[in-house]
Amino acid sequence: MVAAGKSQQGQELAKGPYRPEHKVRVITAASLFDGHDAAINIMRRILQATGCEVIHLGHNRSVLEVVNAAICEDAQAIAMSSYQGGHMEYFRYMVDLLNERGASHIRIYAGGGGTIIPEEKLALEAYGLAQVFHPEDGRRLGLQGMINMIVEQSDHSTLTDACGGLPNVTELTRDNWRDLARAISLAEAVEAGDHPRKDWSDLLETLQANKPEKTIPVLGFTGTGGAGKSSLVDELVRRYVEDFPDHRVAVLSVDPTKKRTGGALLGDRIRMNSLASGQVFMRSLATRASGSEISRALDESIALCKAVGFDLVIAETSGIGQADSSIIDLVDVSVYVMTPEFGAQTQLEKIEMIDLADVVVVNKFDKPGALDAVRDVKKAYQRAHERWNDPVEAMPVFATMASQFNDRGANTAYLALLDALGQHHGAPLKGRFTDSLPTGEPDRAWLIPPRRVGYLAEIADALRDRQTAADEQSALASELWALGKAAAALGGSWTERPEPFSKKSLAEAEGAIKELMATFNATLPQLSEESVELLRDWYTLKEQYLGEHNRYTVRGRDIEVANHVQSLSGNRVPRVAVPRYRDWGAVLRWRMLENLPGHFPFTAGVFPFKRKGEDPARMFAGEGGPWRTNKRFHLLSGHSAAKRLSTAFDSVTLYGE
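Per our numbering, the sequence shown starts with residue -15, numbered consecutively.
Okay, structure coming up:
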């Protein structure tokens, strides 16, 4: 247990993280139709820092996806964030589905801020949730205290009788994901020295004695961190399961364990859209101080997946360095995934996997210099494998853009891998769509062209330049105002307009007045045309808003509105309050950076006034898909002449399905 202190109300606040005795695996996600992932991202980071292996699914995740992940990952707990209003149905269904799938031991923890009221919290906990965290719990326990509660209550082995015990070898098949996941956990426990090896050896020997008579190829992926390995694997698996609908695929993905905390972020599942097919079993493995980019249990896990009869086994390592190549000894066909940003050509000569890999994939082909990078990698591969008699173009080096749908480069790499796997399979692999896939170099249809990748910085620079110009011009305007006021105070004639003193006024003036006027005239040209126009227009504009009515034009239509409304207490309240600035510097700075509604830079709105009855229809976008959201908006705004929607922003990743 961790030490704790007392809050002002006498409740315990955790001073440090709880340190688990077992490897605690937690699924984290935000619920279906919910784009509010800030809270769950914070929680998963604290879970990882507390020593948990966190399998993060991201936002907009259905109950079925979460439950499948929890079973395949043999997790002790699920931690969910739900702000979309459907928490009662969502979490009850999750409890029911876990019970139905024989995984009632998996604890469910939920949070939803104020959207889950105390009565609903009690009802959900009575239904089977381990804990529904309320804002009061956060105040009472603190973030670390809430995480400590989750980890401490989940700190147990999944191989105990309370969680179902050891997997039953007679029921262990490629479609029994629960027992398959538990068998992999057994392999991990054996390799860590936490369980007798005999149980694992007996199980594997029994399975191998009865395994199907077929050759099962193993495909291995490795590469630098951030090269897009998981996205590429997902694209290739998607093509495979569509090509071979009767095949089953096992994906074993490895991510590194933190040395200091023992925690790990197992985030590859978030990229695997192909899991929805039901043909793919995926298990995430942590390296657990193996000192390598692979888990000590990876070899046993591969053997298990082959023994239960998967048609293809894929192993993906964590990000590697230049000298790492552990995956080679475990797979039949190896793929090295890299990006065009490898540095100088000499760096290629240091990469061990270019010498050993069967296939090299240069992903993220939309990066600058990608064409030259692919050419250099092909030459490096040719040198490393001493294929001097083969043309450079024949090297198994493929350019891909895994982020692009139906990428031609990914298709080309997929077909090359099918050929390589077919050699190990004993027969050519040819699927339903193999011959119809478009191949070749990726179509570099950029969302943001490479020369404009810094467009946000350009916008920021333009805004800073505008701020600088406003500062400089307002300082000049203040100086001119002071000169004009001083000349007027000494008896000079000044119109309080940004116009030079006339020659006649200068000729008639004497002494200090004449010097002030001359300085004013000499300084005025330093103001930009925009600044002069803003100052000159200000007086007329101000009068328009101080009068009884205001007129403006929208799309060729003249609109007249009253400038004031009468409050309940009988006071005249301006609909748009005009600032009381007199100094030109203050006026100019305000007009350049803020201004009135309907005037550049439109910080107060695009139109000069809001129409009466134009209050927006406020609603949440999360209660259903985009079609349902649109129908609800029409219902809410049907009575209104002005159709305005005010809703929470949701990214395209939430509704781009």
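Even glycine gets a Cβ: it sits at the ideal position worked out from N, Cα and C.
Since this is a predicted model, take the numbers as computed values, not measurements.
Answer yes or no: do residue i and residue j have a C-beta to C-beta separation smaller than 7 angstroms?
i      : j      : result
Met385 : Lys362 : no
Pro558 : Val516 : no
Ala61  : Arg85  : no
Thr271 : Gly35  : no
Ala357 : Glu336 : no
Ala23  : Leu41  : no
Met64  : Ser141 : no
Ile443 : Gly476 : no
Ile100 : Ala53  : no
Ala470 : Leu519 : no
Glu660 : Leu250 : The shown model of the chain, from -15 to 641, leaves out residue 660, and the question about it has no answer.
Measuring alpha carbon to alpha carbon, tell me which residue in the options is nearest residue i.
i      : options                       : result
Val562 : Trp522, Ala546, Leu269        : Trp522
Gly531 : Ala471, Ala173, Ala546        : Ala546
Val292 : Thr154, His369, Glu300        : Thr154
Glu73  : Gly98, Tyr111, Asn83, Glu37   : Tyr111
Glu189 : Glu284, Gly122, Gly97         : Glu284
Ala411 : Ala588, Ser169, Pro4, Lys198  : Lys198
Glu219 : Ala394, Arg124, Leu464        : Ala394
Ser214 : Phe228, Met322, Arg3, Arg564  : Met322
Tyr93  : His140, Leu296, Lys105        : Lys105
Asp316 : Ile286, Arg3, Arg541          : Ile286
Phe591 : Val343, Asp419, Glu544        : Glu544
Tyr2   : Leu81, Asp58, Glu172, Ser138  : Ser138
Arg267 : Ser420, Leu355, Asp58, Ala470 : Asp58
Pro312 : Leu203, Ser387, Lys334        : For the record, residue 312 in the displayed sequence is Ile; it is not Pro. The candidate whose alpha carbon is nearest that of Ile312 is Leu203.
Val47  : Met27, Phe17, Arg28, Gln32    : Phe17
If you follow the beta strand (DSSP E) that residue i is part of, which residue opens it and which one closes it?
i      : result
Leu269 : 264 to 270
Pro675 : Outside the shown range of the chain (-15 to 641) lies residue 675, about which nothing can therefore be said.
His40  : 37 to 40
Ser302 : 296 to 303
Gln510 : Per DSSP, Gln510 belongs to no beta strand (DSSP E) and is neither H nor E.
Ala248 : 248 to 250
Asn534 : 533 to 538
Val345 : 343 to 346
Can you give me the Cβ contacts of residue i inside the same chain, cut-off strictly under 6 angstroms, excluding the 5 residues immediately before and after it?
i      : result
Met576 : Ala454
Phe228 : Gly415
Phe417 : Asp227
Ala354 : Pro324
Gln451 : none
Arg158 : Arg232, Val292, Gly293, Phe294
Note the first and the last residue of the continuous alpha helix (DSSP H) segment covering residue i.
i      : result
Leu413 : Premise fails: Leu413 is in no alpha helix (DSSP H) and is neither H nor E.
Arg541 : Counting along the chain, Arg541 falls outside any alpha helix (DSSP H), though it belongs to the beta strand (DSSP E) covering 541 to 546.
Val315 : Counting along the chain, Val315 falls outside any alpha helix (DSSP H), and DSSP gives it neither H nor E.
Gly122 : 119 to 137
Gly569 : 568 to 577
Arg367 : 354 to 369
Ala454 : 439 to 473
Val221 : 213 to 227
Ile168 : 161 to 175
State the DSSP-derived secondary structure class of residue i, mapped to helix, strand or coil.
i      : result
Phe617 : helix
Gly640 : Because Gly640 carries a pLDDT of 48, less than 50, the predicted location of this residue cannot be relied on, and the following value inherits that uncertainty. Looking at Gly640 - three-state DSSP - the assignment turns out to be coil, as it is neither helix nor strand.
Pro4   : coil
Asp239 : strand
Ala59  : coil
Thr99  : helix
Thr245 : coil
Arg520 : helix
Phe504 : helix
Val79  : helix
Leu645 : The requested residue 645 is not part of the displayed model; the chain covers only -15 to 641.
Thr396 : helix
Leu156 : coil
Val27  : First, the residue type needs correcting, since residue 27 is Met and not Val in the sequence shown. Helix.
Ile335 : coil
Identify, in the order they occur along the chain, each residue of the same chain with its Cβ nearer than 7 angstroms to the Cβ of residue i, setting aside the five sequence neighbours on each side.
i        : result
Ala167   : Pro151, Leu156, Leu187, Leu288
Ala(-12) : Note that Ala(-12) scores 46 on pLDDT, short of 50, meaning its location in the model is unreliable and no value can be drawn from it.
Asp339   : Ala368
Ile30    : Leu127, Gln128, Ile131
Using a Cβ-Cβ cutoff of less than 8 angstroms, which residues in the same chain neighbour residue i once the five nearest sequence positions on both sides are dropped?
i      : result
Val376 : Arg359, Lys362, Lys363, Gln366
Trp430 : Asp350
Ala697 : Here the chain covers residues -15 to 641 and nothing more, so residue 697 does not appear.
Pro180 : Val174
Asp391 : Glu219, Thr384, Met385, Pro426, Asp427
Ala400 : Val343, Pro380, Phe382
Report yes if the C-beta of residue i is less than 6 angstroms from at least one heavy atom of the ligand NAP; otherwise report no.
i      : result
Ser387 : The ligand NAP is absent from the structure shown, which contains no ligands of any kind.
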